[in-house]
Amino acid sequence: MKKILSLGLVRGLLWQIAGTAAGALLVTGIRALMGLNPWGSFLFTEPAWVVGALTGVIAFVWGVGALTDWFKWALGEETPEHREDPPGWEKYFGVSLDHKVIGIQYTVTAILLLLVGGLFALIFRLELAASGMQFISLQLYNTLMSLHGMVMIVGILLGVAGVMNYLVPMLIGAHDMAFPRLNAFSYWIAPPAAIVLLSSLALGGFDTGWTGYPPLSTRSPVGIQMFFIGVWVAGWSSILGGLNLIATVMRLRAKGMTAFRMPILVWASVATSLISLTATQLIGLSFQLVMFQRLLGMGFFDPAKGGNPILFQHLFWFYSHPAVYVFILPGLGVVSELLPVFVRKPLFGYRWVAMSSLGIALVGFLVWAHHMFTSGMNEYLRVPFMYSTLLVAVPTGVKFFSWVATLWKGKIETPTPMLFVLGAIVVFLMGGLSGPPNGVVTTDLHLHDTYFVVGHFHDTMFGGYIFPFFAAIYYWFPKATGRRMSEKLGKLHFWLLFPSFLVMTFLMMRVGLLGMRRRIADYDPALGLDFWHLLITISAFLIAASVLVFLYNFFRSIKHGEPAPGNIWRSRSPEWQVPSPMPVHNYEEAFEVVGEPYDYGLPGSTYIRFNGKSH
Amino acid sequence: MRHFVIVGVLVLLLSILTFWGLEAVGLMPVQASLQAQTVDWMFRLEMAVISFLFALIVVPLVYSLLVFRRKPGDTSDGEHIEGNTRLEVTWTVLPLITVLVFSYLGAVTLGETRRLDPNAMVVNVTAFQWGWRFEYPDYGIQSNKLYLPANRQVVLKMNSNDVIHSFWVPEFRIKQDVVPGRTTEYRITPVRIGEYKVRCAEICGASHAYMEAPVVVVSQTDFQKWVQESVAAQAATSGPDPKRGEKLYNELGCKACHSIDGSKGVGPTWKGLWGEQVKLSDGTTVVADEAYIIESIRQPQAKIVAGFEQQAMPAFTTLTDAELADLIAFIQTLK
Amino acid sequence: MAHTDKQTAFRLGVLIFVYLAILTALEFYVAVAVPSVVVLSLIALAKAGLVVYYYMHIYRLYQETETDPNSYEYKAGTLRLGLWLFLLSDAFVFGGLAVARFNLWGMTRPPFNQVLGLIITSVLLVSSFFMNRAETAMAHGDRRNFVISLVITLLLGIGFLVGVIGIEWPSAIREGITPSANTFGAVFFMMTGMHGFHVLTGVIFLLIVLRNGLRGLYSAERHRAVEAAAVYWHFVDVVWIFFYPALYLIGTVV
Ligand code: HEA
Ligand code: HEA
Ligand code: CUA
Ligand SMILES: [Cu+2]
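Written out as C-alpha cells, the structure is:
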C-alpha cells in the first residue's frame, strides 16, 4: 500500500481529485455568496466544473512532481542535471527525466487510449450493425462516436510523441532531449487531460462530433466543456513536445551529422514538430473561444450577436488539417527508415524523401478550407483551396514512388515489422488516393460528411499511423527490452488485421457513396445498406481480435520473449550498434558520423564510428 | 528490361480490371438531377485515374515481393542504387500536371453545377432541429414535403433556426450547409420523376439521424396540379382544426421534445397544458392562454418554464397564424 | 573598454526608444488624419522589427560561436532557441485573435477612447525601454542599474495591467460594450484579456528574476534567466504593437 501511494501517478490522481473538488467548491462558494444558483444539473454548475477541471489538471501535475525542479530553479536553487531512476518498474509510474522512459510512458498511454477509443468504436459499431435503434440512445451514440474520434486522435498524438521521444535522441546520438524537465512535463499533462476528456461521458456527454462546431456545441451539455479542456491541455503536451524535439535536433546532433546525413525519421519528426508547435495553438484558441462563449455569453460564433459560426471552422481546420500530417509523417518516416533495412538497399532518393516531408508539412498549412467546401464560406475560396489541396498529392507521391524504387531489385525479407511496413504502404495508398475526390470541389459536394470520408480517413490514419506504429513496436521492442516479440503471433496479428481492415474501409466508402451520412445513430433501411453495415461491424470485431493477439504478444514478450541482445535486423543505424536494452545514457562513447545512413550494399562503408570519447 | 515489360503489362491489366470492376459494382445511386450528371462525370474520371495509380504502385510492390525475395541462406545486400534524379523529377512533374488538370476540370465542373437559370423557381427552406420546412413564395404555399417539377431549375434559399444543418439529396449529389444567421443557396435541376429524401448531412444534435424530409419530383403538369390543390386547401381552411394541429405536431418536430401523454421530455408535456398555471423559472406564474403559447413558440426564450433548459427550444418563426391556431386547437384537445 | 561598451549599449537603447516613440506618434497622427490601413500596418511592422532586432536580439540565435555542448554558453543558446520557438508558437494564438478581430469587425471599430489607448501603449513601450536597460546593465555586471531599471519595468508593467483592467475595461462596460453584448465586447475582452494574461505572467517572471538578482545569483557572464525574461517581456510588447492599431486605430467608429 505504501509502495502504491509512493508512485507518482497515484499521487497525481489523488491530487487531481482534490484539486477538482477544491476548484469546483471555490466557484460554488463564490456563486452562493453572489446570490447565484450554486448547484447545477450535474451537482456543480458549469463554471464550477470548468474551473475544477483546470485546477484538477494543475494539481495532478504538481502532485506527480513534474514541477518540483522548476520551483527550485525559480527560488534560485540548483538541481543535478541528470537524475538516476530507481531500477525496476516503478520508474514508469513517476516523473523520470530519461527520454527512453518518457517515450515508453507515452507509448503505453497511447495504446491504452487507442484501446478505449477502439472499445467505443466496437460499441457503436454494434449499434450500427443493423438499422433501427438496438441498445444505446441517440445521445449516447453521439457521445461515444465523438469521443471515439477525439480519444483516438489524442492517442495518436501521444503515440507519435512516444515514437519520436524514444527514437530521435538515439538516432542523432544525443544522451537525452534538449529540455528533459519540459519533456517530463509534456508527458505528465497528458494523463490528466485524458481523464478530463473521458469525464465528459459522466457529465451528459456531447453530441457534436470531434469537430465541436458551434452553435451546436454551445447547446450541448456540460460534457462538451470537459472535451474542450481535455483537448486544450493535451494540445499543450503536443506543442511543448514539438518545441523540445526541434531544439533537440538543432542542438544535440552527433559530430558530423549534417542535415542530409540524419536518419530519415529525424526529418519526418522535425516536419511533424513544426506543425504541432505552431498550428496546435489554433485548435486551442478555437475551443477556448467556444468555452468562453458558453461561460460568459461572448458572441464570437453567435449570429444573434453578430458572430460568425464559420470563423470557428476556419480556426479549427487551420490546425486540424495540418494535424493529420502530424499523424502520418512520423509513420511514413518509420516506413522509410525500415524499408532499406529489410530490402538491403539504400533508400531511393534520400534527399527527395526528406524534402517531401517538409513539403507536405508546409503545403499542409494552406489547404484547411477543403473541409468547408459545402459550409457556406465565401464561394470564391473554393477553387484556390482545391488547387492547394491537390498539390499535397505531389510530395506524397514522391514518397510512394521512392519506396517502390527502393523495393525494386532488393533482397527482400519479410519478418513482422516489414509486413506492417508493406501493409502501411498499401493501406495508406488507398487512403491517399481517396483524398483527391474529396479535394475536387465538384465531387466533394456529394462526398462531404458521408462514410466515403470516414473510409478515407480510416485508411490514411491506419496506413499512415497505426500500421507503422505496430511496425515500430515490433522493430524496436528488442531495443527497449532486450527481447523480441513472437514472430508467429506477429504474423497472425498482421494477417487478421490487414484483410479485415481493407474490407471495412472499402465498404465504408461504398455505403458512403450510396447515401450513408456520417454521425448518424440509425440509418434509413430503404437505402438497403444493412448487409454492408453488418459486414463492416464484423470486420471491426476481427480488427479487435487482432489487437488482442498483439496485446498478448506484447505483454508475454516483455518477460518471456526470445532474448535479442544484438543487432538482430542487421541495421546500420547507431542505436543498433550498441547492446540491447539501451544503456541508461544511450551511448557510453560518443560517435561521429562518417558515412551515409543507408548505404546498404556498398562494401566497406559505415555510417558511424565510435570515437572513444565519452560524454 | 524483362521485369519492366512484365510490370508494365500487369499495371495496365490491373488498372483496367479495377476500373471495370468498380463500374460493374455500380458506385453511385440513381442520377436524379442535371448536376448529378456533371458530378458523376468528374467522379468517373477520378476513378479511372485512381485505378491506374493504385495499380502503378501495387503491382511493382507485389512483383518485387515475389521476384526479388531473398533466397534462404543468402545474406548479401541488394544492389547499391542511391537514387536517380531524372526519375525523381519525372514523378514529381507528371503528378503535378495531373493535379493541375484535375483542379482545372474541378473548377469547370463546379461552375457547371452552379449555373443559374433565369427561369428558376425559388423555394425558401427553413431547417430546424430536427426537420425541414419549405415555402413557395410564388404560390404562397407552405409544406413539409419538397415538391419539385422535373426539368426546371429550382433555387433553394436556405435558413436555419438554430444550429448548422446540411441539405443533401444523395440522388441529386449536391450538398449545401444551412447556417444560422445567413442565407445559403442551393441550385438544382431535377430530371428524374420519383420520390427521394433530403437527408441532413451535418450533425445537429440527438435526432440528426432522423432529420429527413420527402422530396417528390413530379412532371410539370402534376406540379401545377399539386400547386392548385395546395392553394385551394389553404384557402379552404376555415378556422382552426386540431387534426391539422396534430399533423404539425408530428411533422414539425415538436414531438421530439413534447409528449402528449404527460411524460416528461426535453420540454414540458402538452397534456393538460391549456388554461393551466405554468410556473416559470423566475418564480412567477402565467396562465397558458393563446398569447402565452404563441409567444412560447415564436420566442421561446421570453418565458422559461421552471425546470427546463433555457436554450433548448428553437424559435419557430416561420409558422403562419393559421398554423399556430391549429396547434393551439390541438393542445386544447389534450386534457 | 567595458565601460565605453556599456555606454554605447545604453545609448543604442535610448536611440531605439526614440525611434519607437516617433513611430508611435506618427501612427497616431496617421490614424487620425489619413486612416490608411497599409501605412498603419507598415508602421507596426517597423516598430516590431526594431524591438525584435535591437531589444530581443534575434540575431543571437545564429551568432553562436560556442561548440562544446557541456558549456554554459551552449546551454544558454539551447535555452534561447527554446524560448524563441515558444514565442513563435504563442504568436499563432495572437494571430488567431487578430484574424477573429478582422473577420468579425471588418473595417469598423468600437468607440474606444484613443487617447487612453495611446497612454496605455506608451506605458508598455517605456517599460520595454527600461527592460532593455536592465538587461544591458546586467550584461555589463552593473547590478545597481539592473535592479533600478527592473523595478521601474515592473512598476510600468503593473501600471499597464491597472490601466487595461482598472480603467479601460470599466469604461468599455460603461459604454455598453460588455463581453456578452456583441462581438465588439467579445473580441475586445478576449484580445486584451489574453494579452493581459501574458503581461501578468511576465510580471511574475520579472519578480522571480528581481528576487534572484537581489540575492546576487546573476553575473555579467551568467544571466540567461535575465535575458529570457527580457525577451519574453519584449515579445508581449510586440504583440501589443499589433493589437493597439487593431483595437484603437484601424476602421471607422460605429
Ligand atoms: C492521417 C490522416 C490524413 C491524411 C494523410 C489525409 C490526406 C489527404 N486528405 Fe484527408 N482527412 C482526414 C485525414 C487525412 N487525410 C480526416 C481525419 C478527415 C475528416 C475530418 C472530419 O471531418 O472529421 C479528412 C477529410 C478530408 C477532406 C474533407 C472531406 C469532407 O469532409 O468533405 C478532404 C478534402 O479535400 C481530404 C483530402 C485529403 C487529401 C487530398 C489528402 C492527401 O494528402 C493525400 C495524398 C496522397 C495521395 C494522393 C496518394 C499517393 C500519391 C500518388 C500515388 C501520386 C500521384 C497522385 C495523383 C496524381 C493524384 N481529406
Ligand atoms: C486513429 C484514429 C482512429 C482509429 C484507429 C479508428 C478505429 C476505428 N474506427 Fe474510427 N474514427 C476516427 C478515428 C479512428 N477510428 C475519427 C477521428 C472519427 C470521426 C469522429 C467524428 O465524426 O467526430 C471516426 C469515426 C468512426 C466512424 C463513423 C462514426 C459516425 O460517423 O457515426 C466509424 C463507424 O464505423 C468508426 C469505426 C472505427 C472502427 C470499427 C475502428 C476499429 O479499427 C477499432 C478497432 C478496435 C480497437 C483498436 C481496440 C480493440 C479493443 C479491444 C480488443 C477491447 C479491449 C479493450 C480494453 C480492455 C479497454 N470510426
Ligand atoms: Cu440537421 Cu443534422
Ligand atoms: Cu484536411
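Heads up: the sequence lines are chains W, V and R, in that order. Per my numbering, the first sequence runs over residues 50 to 664. Per my numbering, the second sequence runs over residues 13 to 347. Per my numbering, the third sequence runs over residues 159 to 412. Every residue gets a Cβ at the ideal spot worked out from N, C-alpha and C, and that includes glycine.
Using C-beta distances below 7 angstroms, list every residue in its chain close to D571(W), excluding the 5 sequence neighbours before and after it, in chain order.
So the list reads S180, G181 and M182, once near-sequence residues are dropped.
For I180(R) and F287(R), I'd like the C-alpha separation in whole angstroms.
Each residue's Cα considered, the two are about 14 angstroms apart.
Is N86(W) helix, strand or coil when you go by DSSP?
Assignment of N86(W) by DSSP, reduced to helix, strand and coil, places it in the coil class.
Residues within the segment 319–346 of chain W neighbouring chain R, beta-carbon criterion of under 8 angstroms
Taking 8 angstroms as the Cβ-Cβ cut-off against chain R, the residues of the segment 319–346 of chain W that qualify are L326, T327, A328, T329, Q330, L331, G333, L334, S335, L338, F341, Q342, L345 and G346.
Comparing C-alpha positions only, which one of V389(R), A404(R), V412(R) and T410(R) sits nearest to N290(R)?
For the set V389(R), A404(R), V412(R) and T410(R), the Cα lying nearest the Cα of N290(R) is the one of V389(R).
Listed from N- to C-terminal order along the chain, which residues in the segment 647–660 of chain W have their beta-carbon within a distance smaller than 8 angstroms of any beta-carbon of chain R?
If you check each beta-carbon in the segment 647–660 of chain W against every beta-carbon of chain R, none falls closer than 8 angstroms.
Check T196(V) in the structure and name its three-state DSSP category.
The answer is strand: DSSP assigns T196(V) an E or B state.
With a threshold of 7 angstroms between beta-carbons, can S663(W) be considered close to chain V, or not?
In this prediction, S663(W) has a pLDDT of 46, which is less than 50 and means its spatial position is unreliable; what the coordinates show is noted afterwards. For S663(W), not one C-beta of chain V is nearer than 7 angstroms to its own C-beta.
Against P300(W), what residues of chain R qualify as contacts under a CB-to-CB distance less than 8 angstroms, listed in chain order?
Sequence check: residue 300(W) is Arg here, not Pro. R300(W) reaches chain R at P227, Y232, G235, T236 and L239, counting residues in chain order whose Cβ is nearer than 8 angstroms.
Is T311(R) helix, strand or coil by DSSP?
Helix.
Proximity test, Cβ basis, 7 angstroms: V99(W) and chain V
Answer no: the Cβ-Cβ gap between V99(W) and chain V never drops below 7 angstroms.
Express the C-alpha separation of T499(W) and P229(W) in angstroms, rounding to a whole number.
So the two alpha carbons sit approximately 44 angstroms from each other.
Could you name the residues of chain R that F580(W) contacts, counting a contact when the two beta carbons are closer than 7 angstroms?
By Cβ distance, chain R contributes nothing, its closest Cβ being about 46 angstroms from F580(W), past 7 angstroms.
Does any residue of chain W have a CB that is nearer than 7 angstroms to the CB of T296(V)?
Answer no: the Cβ-Cβ gap between T296(V) and chain W never drops below 7 angstroms.
Which two residues bound the contiguous beta strand (DSSP E) that contains H177(V)?
Membership of H177(V) in the beta strand (DSSP E) is indicated by the continuous run H177 to W180.
Where S271(V) sits in the DSSP three-state scheme
Reduced to three states, the DSSP call for S271(V) is coil.
Find the nearest neighbour of D493(W) within the set T423(W), L440(W) and E536(W), judged by alpha-carbon distance.
Just measuring C-alpha positions, the residue of T423(W), L440(W) and E536(W) sitting nearest D493(W) is T423(W).
So, do the segment 372–387 of chain W and the segment 347–355 of chain W have three or more beta carbon pairs nearer to each other than 8 angstroms?
Verdict: no, contact absent.
Residues surrounding ligand 4 [beta-carbon distance to nearest heavy atom under 6 angstroms]
Checking every Cβ against the heavy atoms of ligand 4 under 6 angstroms gives H370(W), V373(W), H419(W) and H420(W).
L378(W) CB to nearest heavy atom of ligand 2 below 6 angstroms:
Because no heavy atom of ligand 2 lies under 6 angstroms away, the Cβ of L378(W) does not count as near it: no.
Quick one: what's got a C-beta closer than 8 angstroms to F469(W)'s C-beta in the same chain, skipping five residues either side?
If we look at F469(W) and ignore the five residues flanking it on each side, its Cβ neighbours are F516, P517, F519, A520, Y523 and F543.
When the Cα atoms are used, what is the spatial distance from Y436(W) to L112(V)?
Those two C-alpha atoms are separated by around 7 angstroms.
Contact with chain V by T465(W), beta-carbon distance below 7 angstroms
No, T465(W) does not count as interfacial toward chain V.
By the criterion of Cβ-Cβ separation under 9 angstroms, what are the contact partners of L314(R) in chain W?
Those do not exist, as L314(R) stays about 22 angstroms from chain W at its closest Cβ, beyond 9 angstroms.
So, Q330(W) versus V251(R), is the Cβ gap smaller than 7 angstroms?
Between Q330(W) and V251(R), the C-beta gap is smaller than 7 angstroms, which places the two residues in contact.
Name, in chain order, the residues that DSSP records as bridge partners for A225(V).
The partner list for A225(V) (beta bridge, DSSP) reads V210(V).
Residues of the segment 357–373 of chain W with Cβ closer than 7 angstroms to any Cβ of chain R, in chain order:
Residues of the segment 357–373 of chain W with a C-beta less than 7 angstroms from any C-beta of chain R: N357, L360 and L364, listed in chain order.
With 16 as the cutoff for other CB atoms within 10 Å, does P326(V) come out buried or exposed?
So P326(V) ends up on the buried side.
How big is the Cα-Cα spacing for L203(R) and F186(R)?
When rounded, the distance between both Cα atoms is 15 angstroms.
Let me check understanding here. Comparing Cα to Cα, which of S269(W), M421(W), V373(W) and Q274(W) lies closest to M201(W)?
Considering only alpha carbons, the answer is V373(W).
Applying the 10 Å Cβ sphere with the 16-neighbour rule, what's the burial state of M219(W)?
By the neighbour-count criterion, in which 16 or more other beta carbons inside 10 Å mark a residue as buried, M219(W) falls on the buried side.
By alpha-carbon positions, which one of W401(W), S549(W), V643(W) and I409(W) ends up nearest to L99(V)?
Looking at the Cα atoms, W401(W) is the closest of the given residues.
Counting contacts by CB-CB distance shorter than 7 angstroms, is I107(W) in contact with chain R?
For I107(W), the answer is no, since every Cβ of chain R falls outside 7 angstroms of its Cβ.
Taking a contact to mean a Cβ-Cβ separation below 7 angstroms, would you say I205(V) touches F184(V) in this structure?
Judged by beta-carbon spacing, F184(V) lies beyond the 7 angstroms limit of I205(V), meaning their Cβ atoms are not closer than that value.
Which of the three DSSP states is assigned to Q154(V) in this structure?
In this structure, Q154(V) counts as strand in the three-state DSSP scheme.
Taking 7 angstroms as the CB-CB cut-off, is D225(W) touching chain V?
With 7 angstroms as the cut-off, D225(W) does not count as an interface residue toward chain V.
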